[in-house]
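Taking it in order: structure first as structure tokens, then the write-up.
2 protein chains.
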Amino acid sequence: MTTRWLTPQEQRAWRAYLAATHLLEDAIDRQLQQDAGMPHLFYSVLANLSDAPDRRLRMTDLAETLKITRSRLTYAVTRLERDGLVRREDCRWDKRSSIAVLTDEGTAVLERAAPGHVETVRATLFDRLSPEQVGQLEEICTGIARGLQGGGTEPGAEDVPWRRRASCSSTESSPPVQPRRSP
Amino acid sequence: MTTRWLTPQEQRAWRAYLAATHLLEDAIDRQLQQDAGMPHLFYSVLANLSDAPDRRLRMTDLAETLKITRSRLTYAVTRLERDGLVRREDCRWDKRSSIAVLTDEGTAVLERAAPGHVETVRATLFDRLSPEQVGQLEEICTGIARGLQGGGTEPGAEDVPWRRRASCSSTESSPPVQPRRSP
DNA sequence: GGCTCTTGGTTCAAGTTTGAAACAAACCTA
DNA sequence: TAGGTTTGTTTCAAACTTGAACCAAGAGCC
């Protein structure tokens, strides 16, 4: 079957997408690194925990909502634990699982870092989008994510290399960006 | 000044954005790694070179269009050079510069990898977007990128941590995704 | 020419990510 | 309930990224 190459407009969109995501990711990482001494992913770990009931989450669930590999999360949590921002606890029901818990210090650090982070997200992204564009972005991204989620519904796509073979947890959760109920 | 927190809709959009970009990047990296034995960035280096006049580009210019640091590019080109896909040449006019040149083997590898890559980009992104959404995506991303480009035009933003202090080359170029004139 | 500043590129160490094991606990199922 | 599979997590080495430091060459100035 002959390749369906990208149309000129698709190419433009794709290039713009690559540039924008690169720049945005860089900007956010840089800001957080400077102001909070941690990369974006680590901040996201804290933020997600802060939003979870009782500030605790099973490692796998956390990895799932963050869309990262378990191994990557292990690394992040290990580092955050060393810094005292997160603590690991054993799960009572399932002895295989371990639970990451946000410590008080972690909460404090998060709340100190959140304003700068949110400000950056605003300045780099939302301040440049019209309200309609925010809606468009949400819809576009939701669609993409749904397509790449474990449980794709389209026919005949069992083992293509771009689909994660990880288990798909059916429960949808909502990762936060800012601390739960900031003061 | 009190923080302007994200509105519920902005939060939804931001979460969707993070999920989508993570999943998409993962999917593309995985496909390219499996089928071409290289991460996305390396492929992009080849693709950009293939589209440049005479298949050669100054390191700095390449880094600029790819939106990556010079050091990161150095690493990538070193690896690609070891594999024989790219060659370095000295610049005749400016003895500081070095030029990355796509070799014949590099061209061959790129042309072999391109169909699968484009197919993945289609399957994961464009097949899920309506024509209007492609336009919207382009516009949104172009805006974001423009804002983060070195030469921002807004007032009073000289040294915020999220702005790159790298020099901004004024000449705009257009990075390709697929090889120049694929066979 | 000599000085200083900027630009182009690499190097290096420390940090992060990847993917393939390894392990242990839970879950079948015959 | 023994054996086999699945699930939750970590470990490890290799690959990649980051940012600061370095070096060399161009540019501007006296």
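Those sequence lines, one after another, are chains A and Y.
Take 1 as the starting number for the first sequence in the working numbering and just add one per residue.
Take 1001 as the starting number for the second sequence in the working numbering and just add one per residue.
Cβ atoms here follow ideal geometry from the backbone N, Cα and C, with glycine treated the same way.
(message) I'd like the list of long-range same chain contacts for R1112(Y), defined as Cβ closer than 8 Å, with 5 residues on each side in sequence excluded.
(response) Translated into positions along the second sequence, residue 1112(Y) becomes position 112. Closer than 8 Å at the Cβ level, and outside the excluded window around R1112(Y), lie A1036.
(message) In chain order, what are the residue ranges of uninterrupted beta strand (DSSP E) at least 3 long that sit wholly in the region 1049-1130 of chain Y?
(response) 1056-1058, 1086-1090, 1098-1102
(request) Evaluate Q34(A) with the Cβ neighbour count: other Cβ atoms within 10 Å of its Cβ, from every protein chain shown; 16 or more gives buried, anything less gives exposed. (result) If you number the first sequence from 1, residue 34(A) lands on position 34. Answer is exposed; the Cβ neighbour count stays below 16.
(message) Any beta carbon from chain A within less than 9 Å of V1118(Y)'s own beta carbon?
(response) Position 118 of the second sequence, counting from 1, holds the residue named residue 1118(Y). So yes, V1118(Y) belongs to the interface.
(message) So with CB distances below 7 Å, who are the chain A contacts of L1137(Y)?
(response) Within the second sequence, numbered from 1, the residue matching residue 1137(Y) stands at position 137. By Cβ distance, chain A contributes A13, Y17, I140.
(request) Run the CB neighbour count on R70(A), radius 10 Å, all protein chains shown included, and call it buried at 16 or more, exposed below. (result) Your numbering for residue 70(A) matches position 70 in the first sequence. Answer is exposed; the Cβ neighbour count stays below 16.
(request) Tell whether a beta-carbon distance below 9 Å holds between G1143(Y) and Q133(A). (result) For the purposes of this step, residue 1143(Y) is taken as the residue at position 143 of the second sequence. For the purposes of this step, residue 133(A) is taken as the residue at position 133 of the first sequence. Yes, the Cβ-Cβ distance between G1143(Y) and Q133(A) is below 9 Å.
(request) State the start and end residues of the unbroken alpha helix (DSSP H) segment that holds T21(A). (result) If you number the first sequence from 1, residue 21(A) lands on position 21. Per DSSP, T21(A) belongs to the alpha helix (DSSP H) from 8-36.
(request) Give the straight-line distance between the Cα atoms of F42(A) and V77(A), rounded to the nearest whole angstrom. (result) For the purposes of this step, residue 42(A) is taken as residue 42 along the first sequence, with counting starting at 1. For the purposes of this step, residue 77(A) is taken as residue 77 along the first sequence, with counting starting at 1. Roughly 8 Å between the two C-alpha positions.
(message) Comparing C-alpha positions only, which one of T1003(Y), C1091(Y), L1110(Y) sits nearest to T1060(Y)?
(response) In the second sequence, counting from the first residue as 1, residue 1060(Y) sits at position 60. Closest option to T1060(Y), Cα to Cα, is C1091(Y).
(message) Is there a Cβ of chain A sitting closer than 9 Å to that of G1037(Y), yes or no?
(response) Your numbering for residue 1037(Y) matches position 37 in the second sequence. It does not; no Cβ of chain A falls within 9 Å.
(request) Report yes or no: is there a C-beta of chain A within less than 9 Å of the C-beta of T1021(Y)? (result) Numbered from its first residue, the second sequence carries residue 1021(Y) at position 21. For T1021(Y), the answer is yes, since a Cβ of chain A falls inside 9 Å of its Cβ.
(message) Would P1053(Y) pass as an interface residue toward chain A - the criterion being a Cβ-Cβ separation below 9 Å?
(response) In the second sequence, counting from the first residue as 1, residue 1053(Y) sits at position 53. No, P1053(Y) does not count as interfacial toward chain A.
(request) Measure the CB-CB distance between L1023(Y) and A114(A) and report whether it falls below 9 Å. (result) By 1-based counting over the second sequence, the position of residue 1023(Y) is 23. By 1-based counting over the first sequence, the position of residue 114(A) is 114. Not a contact, by the Cβ cut-off of 9 Å.
(request) Identify the contact partners of V1109(Y) in chain A, using a Cβ-Cβ distance below 8 Å as the criterion. (result) Walking along the second sequence from the start, residue 1109(Y) turns up at place 109. The contacting residues do not exist; V1109(Y) stays about 16 Å from chain A at best.
(request) Count the other CB atoms, across all protein chains shown, that sit within 10 Å of the CB of M1(A); report buried if there are 16 or more and exposed otherwise. (result) Counted from its first residue, the first sequence places residue 1(A) at position 1. By the neighbour-count rule (16 or more Cβ atoms within 10 Å), M1(A) is not buried but exposed.
(request) Can you pull the chain Y residues whose beta carbon is under 8 Å from the beta carbon of R4(A), in chain order? (result) Mapped onto the first sequence, residue 4(A) falls at position 4. Result: V1118, E1119, R1122.
(request) Apply the 10 Å Cβ neighbour rule to A52(A) and answer buried if 16 or more other Cβ atoms are within range, or exposed otherwise. (result) Working through the first sequence from its first residue, we reach residue 52(A) at position 52. Its Cβ being crowded by 16 or more others within 10 Å, A52(A) is buried.
(message) Does chain A have any CB closer than 9 Å to the CB of I1099(Y)?
(response) Indexing the second sequence from 1 puts residue 1099(Y) at position 99. Answer no: the Cβ-Cβ gap between I1099(Y) and chain A never drops below 9 Å.
(request) Just confirm the distance between the C-beta atoms of V1118(Y) and L6(A), as a whole number of angstroms; I'd bet it's less than 8 Å. (result) Within the second sequence, numbered from 1, the residue matching residue 1118(Y) stands at position 118. Within the first sequence, numbered from 1, the residue matching residue 6(A) stands at position 6. Sure, about 6 Å apart at Cβ, within 8 Å.
(message) Output needed for T74(A): all residues of its chain with C-beta closer than 8 Å, excluding positions within five of it in sequence on either side, in chain order.
(response) The count along the first sequence starts at 1 and reaches residue 74(A) at position 74. Only M59 meet the Cβ criterion.
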